[in-house]
Structure formats: C-alpha cells, structure tokens
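Student: Numbering (the numbering used here), first residue to last: 963 to 1364. No residue lacks a Cβ here, since even glycine has one placed at the ideal position from N, Cα and C. Treat the numbers as computed from the prediction; the structure is a model and nothing was measured. Dropping a structure here in structure tokens format, bear with me for questions.
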C-alpha cells in the first residue's frame, strides 16, 4: 500500500478540506490518506473550536483513512517547528508523499525557492536577525530578508500564509526526507484570512466568525459537509460551547496576575521584558479581545502573542520547549482514528517503524505526553463538571475512533 500525508487542523473540517483530500489522493495515487492534525490548541495560538475526537470523526467521514495527532509542542509553534514535527512524523509513518494546499499551486516554485534560500542562507539569517532587532515581527522580517537576498520577484508570494508553511514543508522534505515527494494543490475560491462566506468553499476563519454570531446558519451549513455539521452540533449539545479564547480569559487573567515576573520570564515565548507588559495590560482588560488589542505591537504580532498565552495557560517553560524541540526524531506517533484502509496500512507499516505507536497516552512515559496531558486538561477546563469529566475519560479510557 502507498500512503500520502496531509498536515491539517480542521478547525472545522470544511468543503475546501474535502477537496484537498480528494485532489491529494488523485495527485499522489495513494491507497491511504494520512492526516496529521493539531490537537486542542492550534498553530495560530487558538483553542480548537471542538475537540480533536469530533474533528477526527469529521475527517474520517470526509476522506481521511488514518488520523494522527500532532503533539502540542509542535502544533503551537512557528512554521519551522510546526513543519518539523508534522513532516518527520509522516516520514516515520512511511508516506511516499506529502501534499499541501498553497496559494501558488506549483511545486517547482517551492523547490526553486528552497534551493535559492539554501544558497543564500548565511546572508538571509543575518538579514533576518537585523530586521527582528529593528522591531519587525517575524513574518515581515522574513519577507524583508528574502528581498535582501534578491529573491526573484516572480517566485512564490511569501506574504501568503499557506505558501510560508508550504516552503517549510518542502525544506524539511528536501533536507531530511528526500524519499518523500512534495506535492501541492492550489487553493480555490477563498483566501486564508477571508472573513466572510461567499461560496461553498470558504475559509475556516470566515466559518468560525459566522458561527460565533449566527451559529449553524444556512451559509455555514453550505460551506461544510453534513457530517461536520453533525459533529459540531453534537459537541455543542454535549458541552454547551464551541471553544474560543474568551472562555479561557478568566483563567489566563488569574495566572498572569498571580505569577511573578520571574515565573513569567521562564515561560516559552515570554522574551524581551514581555512579562512586564503582560502584567500591566491584563489589569485593565475586561475581555480577551480588549487584552489583545492593548497588548499587540508592531514587534509582537497577534499570532505570536496568542501562542505565548497558550504556553502561559499550560505552563510550558523555555527549558521544556528547548529540550523537546531539539529532538531530531519524533518521540511517538499517536493514532486518533482510522477506517479499514488505515487499519490495513498500519498492519503493514508498524513493523518497519522506528518510533512507538500510541493509542492512549498512558502507554508511554515521555515528557511530551506529560505536556499533552496538561494541554488537554487546560482545554477542557472551561466545560461544566460533567462534560469535563466525560471528555477527560475519553482522553484516557475510550478506544480510538474506528
């Protein structure tokens, strides 16, 4: 059996994701589609709208054959570490290709960009440091550094988020996993940051924004497979919420105010005196939205700050992150769900795997899984007592989704 991988968040799984899976399977000619998916917290530093189990079920019903969890320490990181965790885990699973969505849609453009960057790496690194020291946020500093090394104007547009991630995926594959073929599918209809639903293929951002005010409106339902609508409805019926940062603000407010500046300084992402700004700002903010608007600066982007706030919520220290992110090989591969095709692929593949296959966290003693447990506890902390107990039982006692 041949497998192809996709790197996803499915927040929530929508028609564009289904199209991506269908086109990826066609382009790769794969027998098995493996999705590696972020767990409770996402790359932009946000809580997932519903838990990983409901998103896994929607993914399996939408065309994935096997769903793995991307560990929290990679999931809530910038593009280089995010891609490192995802690509290396998929490579350990024996995939022949990884297919990602991009605004460019031409894989040769990404290969050319990676080769150009590799041949100018020292100049790029120095320019990047210079722009960061001048106060630019990482995305803008990176774009300016690319300009500095004379990156061709007709190359890929590195201001587009999926192109930035795509280049990181390709870099990982070409540098560390040359046998894994990079493939890309061009995004259709909507852009990543679009905030309104204007077609059946809409951005996850626009879908979440509409859900926040209108619930499962007709426009939302038209942008989602019916199976995703069912999962969203069931989760809210069982827990009474779809997760968002405002639910967590009382916990975050408490933690920032009760931690000392020295304790905050030890948290992953709290750099350059940010601990003082956090303490000053949180005292005056009545909501998460108000807090973020007051906290954000040119240097500290919304996304970077949200990732840091997730680490404060969970208590991820710089030392923990440094130790875990320096590992060159994934510690394990955790299976969340699979269908018959995925099960057959696992039977074929697991004898050749060099890392443990985990279905429940208690099967392996590892610091990464300890951090995963804290992420789950934090994620479910906003639920009522019955839902919280039920969801944590699901984490440790229930079998994977079949």
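(1) Any idea if residue 942 is buried or exposed, counting beta-carbon neighbours within 10 angstroms, 16 or more meaning buried?
(2) Taking residue 966 as part of the alpha helix (DSSP H), name the residues at either end of that continuous run.
(3) Expressed to the nearest angstrom, what Euclidean distance is found between the alpha-carbon atoms of residue 1330 and residue 1296?
(4) Tell me the DSSP bridge mates of residue 1003?
(5) Between the region 976-985 and the region 1181-1194, do three or more beta carbon pairs fall short of 8 Å?
(6) How far does the beta strand (DSSP E) with residue 1062 in it extend, from its first residue to its last?
(7) By alpha-carbon positions, which one of 967, 1335, 1136 ends up nearest to residue 951?
(8) In whole angstroms, what separates the C-alpha of residue 1304 from that of residue 1112?
(9) Compare the beta carbon distance of residue 1067 and residue 1148 with 8 Å and say whether it is the shorter of the two.
(10) Is residue 1125 closer than 8 Å to residue 1118 when the C-beta atoms are compared?
(11) Would you say the region 1001-1015 touches the region 1034-1052, given that touching needs at least three Cβ pairs under 8 Å?
(12) Leaving out five residues before and five after residue 1143 in sequence, what residues of the same chain have Cβ atoms less than 6 Å from its Cβ?
(13) DSSP three-state call for residue 1321: helix, strand or coil?
(14) Check residue 1254 in the structure and name its three-state DSSP category.
(15) Rank 1196, 1247, 1197 by C-alpha distance to the C-alpha of residue 1216 and give the top, closest one.
(16) Can you give me the C-alpha to C-alpha distance between residue 1203 and residue 1323, rounded to a whole angstrom?
(17) Between 1010, 1180, 1229, 1266, which has its C-alpha nearest residue 1206's C-alpha?
(18) With a threshold of 16 other CB atoms inside 10 Å of the CB of residue 1223, please say whether the residue is buried or exposed.
(19) Can you grab the Cα-Cα spacing for the pair residue 1139 / residue 1249, in whole Å?
(20) How far does the alpha helix (DSSP H) with residue 1212 in it extend, from its first residue to its last?
(21) Taking the alpha-carbon of residue 1348 as reference, which of 1333, 1200, 983, 969 has the nearest alpha-carbon?
(22) On the three-state DSSP scale, how would you describe residue 1364?
(23) What is the DSSP secondary structure of residue 1122, reduced to helix, strand or coil?
(24) Figure out for me which residue from 1129, 1194, 1180, 1252 has the closest Cα to the Cα of residue 1211.
(25) Across the region 1260-1269 and the region 1083-1103, are there enough close Cβ pairs to call them in contact, namely three or more that are closer than 8 Å?
(26) If I measure Cβ to Cβ from residue 1146 and keep anything under 8 Å in the same chain, skipping five residues before and after, which residues do I get?
(27) I'd like to know whether the C-beta atoms of residue 996 and residue 1048 end up nearer to each other than 8 Å.
(28) Comparing alpha-carbon positions, which option in 965, 1096, 1087 lies nearest residue 1107?
(29) Since residue 1293 sits in a beta bridge, which residues does DSSP pair it with?
(30) Is the beta carbon of residue 1365 less than 8 Å from the beta carbon of residue 1019?
(31) Buried or exposed for residue 1016, please, with buried defined as at least 16 other CB atoms from any protein chain shown within 10 angstroms of its CB.
(32) Leaving aside the five residues before and after residue 1085 along the sequence, list all residues of the same chain whose C-beta is less than 8 Å from its C-beta, in chain order.
(33) Label residue 1358 either buried or exposed according to how many other C-beta atoms from any shown protein chain fall within 10 Å of its C-beta, with 16 as the threshold for buried.
(34) Answer yes if the region 1266-1280 comes into contact with the region 1218-1233, meaning at least three C-beta pairs across the two stretches below 8 Å, and no otherwise.
(35) Which word fits residue 1281, buried or exposed, when buried means at least 16 other C-beta atoms lie within 10 angstroms of its C-beta?
(36) Bridge partners for residue 1029 per DSSP, in chain order?
Tutor: For this structure:
(1) The structure shown does not extend to residue 942, since the chain is modelled only from 963 to 1364, so the question has no answer here.
(2) Per DSSP, residue 966 belongs to no alpha helix (DSSP H); it is in the beta strand (DSSP E), 965-970.
(3) 11 Å
(4) Checking the DSSP bridge columns, you'll see residue 1003 partnered with 1009.
(5) yes
(6) 1059-1064
(7) Beyond the ends of the chain as shown, which are 963 and 1364, falls residue 951; an answer cannot be given.
(8) In a straight line, the C-alpha of residue 1304 is about 45 Å away from that of residue 1112.
(9) yes
(10) yes
(11) yes
(12) Counting only Cβ-Cβ distances below 6 Å, and skipping sequence neighbours, we find 1059.
(13) coil
(14) Taken through DSSP and simplified to helix, strand or coil, residue 1254 comes out as helix.
(15) 1247
(16) Looking at the two C-alpha atoms, the distance is approximately 26 Å.
(17) 1010
(18) exposed
(19) 45 Å
(20) 1207-1220
(21) 1200
(22) coil
(23) Three-state DSSP puts residue 1122 in coil, outside helix and strand.
(24) 1252
(25) yes
(26) 1061, 1062, 1063, 1064, 1066, 1067, 1068, 1069, 1072, 1128
(27) no
(28) 1087
(29) Beta-bridge annotation (DSSP): residue 1293 is not paired with any residue.
(30) Since the first residue of the chain shown is 963 and the last is 1364, residue 1365 is not available in this structure.
(31) buried
(32) 1110, 1111
(33) Exposed is the call here.
(34) yes
(35) exposed
(36) 997, 1299, per the DSSP bridge assignment.
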